[in-house]
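K.L.:
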Amino acid sequence: MKKRAMLCLMLTLFLLSALVITGCGGKGVGQNTKRQLKVYNWGDYIDPSVLKSFEKETGIHVVYDTFVTNEDMYVKLKSSGKDYDVAIPSDYMISRMIREKMVEKIDTSKLKNYKLVGERFLNASFDPKNEYSVPFMWGTVGIACNTKMVKEKVDSWAVLWDKKYEKQIFMLDSPRDSIGITLKYLGYSLNSGEGKALDDAARKLVEQKPLVKAYVVDDVKDRMIAGEGALAVVWSGDAQYIMERNKDVAYIIPKEGTNIWIDSMVILKGSKNKDAAMAFIDYMMRPDIAKKNVEYIGYATPLPEVQKQLPREVQESLAAYPPRELIENAEFFNDLTENLPKYEEVWTKVKIAQ
Ligand code: N2P
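At position 203 of the sequence shown (counting the first as 1) the number is 207 in our numbering, and the numbers step up by one without a gap.
1. Determine contact between the stretch 173-181 and the stretch 274-283, defined as no fewer than three beta-carbon pairs at a distance below 8 Å.
2. Report the CB separation of Ile266 from Ala128 in whole angstroms; it is logged as a contact under 8 Å.
3. In terms of residue numbering, what span does the beta strand (DSSP E) encompassing Lys42 cover?
4. Taking all protein chains shown into account, decide if Pro315 is buried (16 or more other Cβ within 10 angstroms of its Cβ) or exposed.
5. Would you call Gly261 buried or exposed, if buried means 16 or more other Cβ atoms sit within 10 Å of its Cβ?
6. Just to confirm the assignment, what range does the beta strand (DSSP E) spanning Asn150 have?
7. Going by C-alpha distance, which of Thr70, Val54 and Ala323 is nearest Ile64?
8. Which residues mark the beginning and the end of the beta strand (DSSP E) in which Met175 is found?
9. Suppose the cutoff is 7 Å on Cβ atoms and the five residues either side in sequence are ignored; what does the same chain contact list for Glu59 look like?
10. So, is Arg328 buried or exposed, given that buried needs 16 or more other C-beta atoms within 10 angstroms?
11. Please give the ranges of any alpha helix (DSSP H) in the stretch 51-134, keeping only runs that are unbroken, at least 4 residues long and fully inside the region.
12. Shorter than 7 Å, the distance from the beta carbon of Gly241 to the closest heavy atom of the ligand N2P, or not?
13. What are the boundary residues of the beta strand (DSSP E) that Tyr287 is part of?
14. Taking DSSP as the reference, what is the three-state secondary structure of Asn343?
15. Specify the secondary structure class of Glu211 as computed by DSSP and reduced to three states.
16. Which of the three DSSP states is assigned to Met153 in this structure?
17. Can you check which of these residues, Asp48, Asn134, Ile229 and Ser83, is closest to Phe71 by C-alpha distance?
18. Check each candidate in Met228, Thr305 and Lys208 and name the one with the smallest Cα separation from Glu123.
19. Would you decide whether Gly32 is buried or exposed? Buried here means 16 or more other CB atoms lie within 10 Å of its CB.
20. Should the stretch 216-230 be regarded as contacting the stretch 126-141, the criterion being three or more beta carbon pairs within less than 8 Å?
21. Counting Cβ pairs, one atom from each stretch, are 3 or more of them under 8 Å apart for the stretch 239-257 and the stretch 310-326?
22. Give a single yes or no on whether Asp203 has its beta carbon closer than 7 Å to a heavy atom of the ligand N2P.
23. With distances taken between CB atoms, is the gap from Lys167 to Leu190 smaller than 8 Å?
24. Nearest-angstrom Cα distance between Ile285 and Val270?
Right under this line is the structure:
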């Protein structure tokens, strides 16, 4: 019996040491432990080959998931997503995440490529001291217009309420964007929390619903390229992507003004792979990689040096890099704090309207 117990013990010890040697013993044990990084990003927002090259160059395995809107991302992170390391939300959502202590501080002095970020993207109101976020892409919201189907000159959000285009309009299935542009159209700030402004916006959006062919997000690209709609509310990079594939489509920033946004990389609270997260963030800013990315997705880089390397027609494209005078009266979305439920109510009204 004693002998058998001894044997058992020896066998257990042998198995344990085998585990340690092969690196299955957990974090930091053994040389062969495959490092991992969990990234949560918007759909269609990275060149897949960039993820592959990152893995190849660093040996870090990337688990990559996507979301459709800031709001979806937030809900997922709050409910189950505790183990993501990096996410790429927009400005106003970053304010909220900082306020709710959902993000880690980032020591930007450790990022080799951080110096490449254009000055106009630094010290933004959502992260005034650049402590928590590193700019990834930026852009505006506007109208993609198929000029074969829309003969008139479009310069106002009003066109989205024109009965002529019944069932030819795509709206963004993103509450903040759709309510925001409606507020702008009505002459309000797109951060308005005032009851009257939000009631007016709700009424307008409900009134528009019969004209809307579909509320879409990433799908809008293929559908506008295929000529399925005359008009679509889109994010500028998606407009650029569409215009590169369907020459009939133009991008318009309406005269009433619009939203300007910055999507930035953050490290999520509790990340177990902070070094890998830093390596990823730095890699995204490496000029050759950033260039590859923007060429693939159509969005605009906050790295002036990379912008300069793009084809002239992209640099001059109103969708990708609008001249400053066109975005003078554009507003950033703010964190809505106590007004958030009012916006949720507006969107529910629109969604349930017949
Ligand atoms: C890419 C989404 C872009 C985000 N599909 C706009 N802020």
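Backbone N, C-alpha and C fix where the C-beta goes; we use that ideal spot for every residue, glycine too. Just so you know, these numbers come straight off a predicted model, no measurement behind them.
P.N.:
Straight from the coordinates:
1. At 8 Å Cβ cutoff, the stretches do not touch.
2. Taking the first residue of the sequence shown as position 1, residue 266 is located at position 262. Taking the first residue of the sequence shown as position 1, residue 128 is located at position 124. Confirmed, about 6 Å.
3. Working through the sequence shown from its first residue, we reach residue 42 at position 38. Run containing Lys42: Arg39 to Trp46, per the beta strand (DSSP E) assignment.
4. Within the sequence shown, the letter at position 311 stands for residue 315. By the neighbour-count rule (16 or more Cβ atoms within 10 Å), Pro315 is not buried but exposed.
5. On the sequence shown, position 257 is the one that residue 261 refers to. Its Cβ being crowded by 16 or more others within 10 Å, Gly261 is buried.
6. Reading the sequence shown from its first residue, position 146 is the one you call residue 150. Run containing Asn150: Val138 to Asn150, per the beta strand (DSSP E) assignment.
7. Within the sequence shown, residue 64 is the residue found at index 60, counting from 1. Considering only alpha carbons, the answer is Val54.
8. The residue labelled residue 175 in the question sits at position 171 within the sequence shown. Taken as a continuous stretch (DSSP letters only), the beta strand (DSSP E) holding Met175 covers Ile173 to Leu176.
9. The count along the sequence shown starts at 1 and reaches residue 59 at position 55. Closer than 7 Å at Cβ, skipping near neighbours: His65 and Val66.
10. In the sequence shown, counting from the first residue as 1, residue 328 sits at position 324. Exposed: under 16 other Cβ atoms inside 10 Å.
11. If you keep only unbroken alpha helix (DSSP H) runs of at least 4 residues inside the stretch 51-134, you get 52-62, 74-83 and 95-103.
12. On the sequence shown, position 237 is the one that residue 241 refers to. Within 7 Å of the C-beta of Gly241 there is at least one heavy atom belonging to the ligand N2P.
13. As a working note, residue 287 is residue 283 in the sequence shown. Not the beta strand (DSSP E): Tyr287 falls in the alpha helix (DSSP H), residues Lys278 to Met288.
14. The residue given as residue 343 occupies position 339 in the sequence shown. Helix at Asn343.
15. Counted from its first residue, the sequence shown places residue 211 at position 207. Helix.
16. Looking up residue 153 in the sequence shown gives position 149. In the structure shown, Met153 sits in coil (DSSP, three-state: anything other than H, G, I, E or B).
17. Against the sequence shown, residue 71 aligns to sequence position 67. The candidate whose alpha carbon is nearest that of Phe71 is Asp48.
18. Along the sequence shown, one-based indexing puts residue 123 at 119. In terms of CA proximity to Glu123, Thr305 leads the group Met228, Thr305 and Lys208.
19. Numbered from its first residue, the sequence shown carries residue 32 at position 28. Interpretation of Gly32 is limited by its pLDDT of 41, a score under 50 that renders its predicted location unreliable; no figure is taken from the coordinates.
20. no
21. With a cut-off of 8 Å, the stretch 310-326 and the stretch 239-257 count as touching, because enough Cβ pairs lie within range.
22. Here residue 203 corresponds to residue number 199 of the sequence shown, with the count starting at 1. Incorrect: Asp203 has no Cβ contact closer than 7 Å to the ligand N2P.
23. Looking up residue 167 in the sequence shown gives position 163. Looking up residue 190 in the sequence shown gives position 186. No; because the gap between Cβ atoms is not below 8 Å, this pair is not in contact.
24. The residue given as residue 285 occupies position 281 in the sequence shown. The residue given as residue 270 occupies position 266 in the sequence shown. Ile285 and Val270: Cα-Cα distance of roughly 9 Å.
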